[in-house]
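Working notes for the structure below.
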Amino acid sequence: MKFQWFWMSAATLLACYIFVNKVLRNLNDWYYDLKLRKRQYPLPPGDMGWPLIGNLWPFFKYFSSGRRDMFINNIFLRYGRTGIYKTHLYGSPS
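Read in order, the letters of the sequence shown are residues 1 to 94 in full-length UniProt numbering.
In structure tokens:
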């Protein structure tokens, strides 16, 4: 009986993690893509991060460790060196 409870808890936690990581993380992207698509502006590559907080956690992680340039280098590695990227910092898209 205890093992069944453990596996149900593990499955529930895994499902919650997948939901949060896949759906809520992309919620910001979907919102701004739809909002700007009405104007027919092509969006640059990038990640809008989590709703409300955007990409502040990775930005602060690199900033506090003294490797400020690694935040931009990770964007370069993901999306190439296009020169312009979308992100969400300090409560507003940039």
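Ideal placement from N, C-alpha and C gives every residue a C-beta, glycine not left out.
**Q.** Rounded distance between the beta-carbons of PHE71 and PRO58, thought under 8 Å
**A.** 6 Å
Q: Compute the distance between the beta-carbons of GLY66 and HIS88, then report whether it is under 7 Å.
A: no
**Q.** Status (buried if at least 16 other CB within 10 Å, exposed otherwise) for ILE75
**A.** buried
**Q.** 6 Å CB neighbourhood of PRO44 in its chain, flanking five on each side removed
**A.** ILE84, TYR85 and LYS86
(Q) Tell me which residues share the same chain as GLY46 and place their Cβ nearer than 8 Å to its Cβ, disregarding the 5 neighbours each side in the sequence. (A) ILE75, TYR79, TYR85, LYS86 and THR87
Q: Compare the beta carbon distance of TYR32 and PRO93 with 7 Å and say whether it is the shorter of the two.
A: yes
Q.
Whole angstroms are fine: how far does the CA of PRO42 sit from the CA of TYR17?
A. 31 Å
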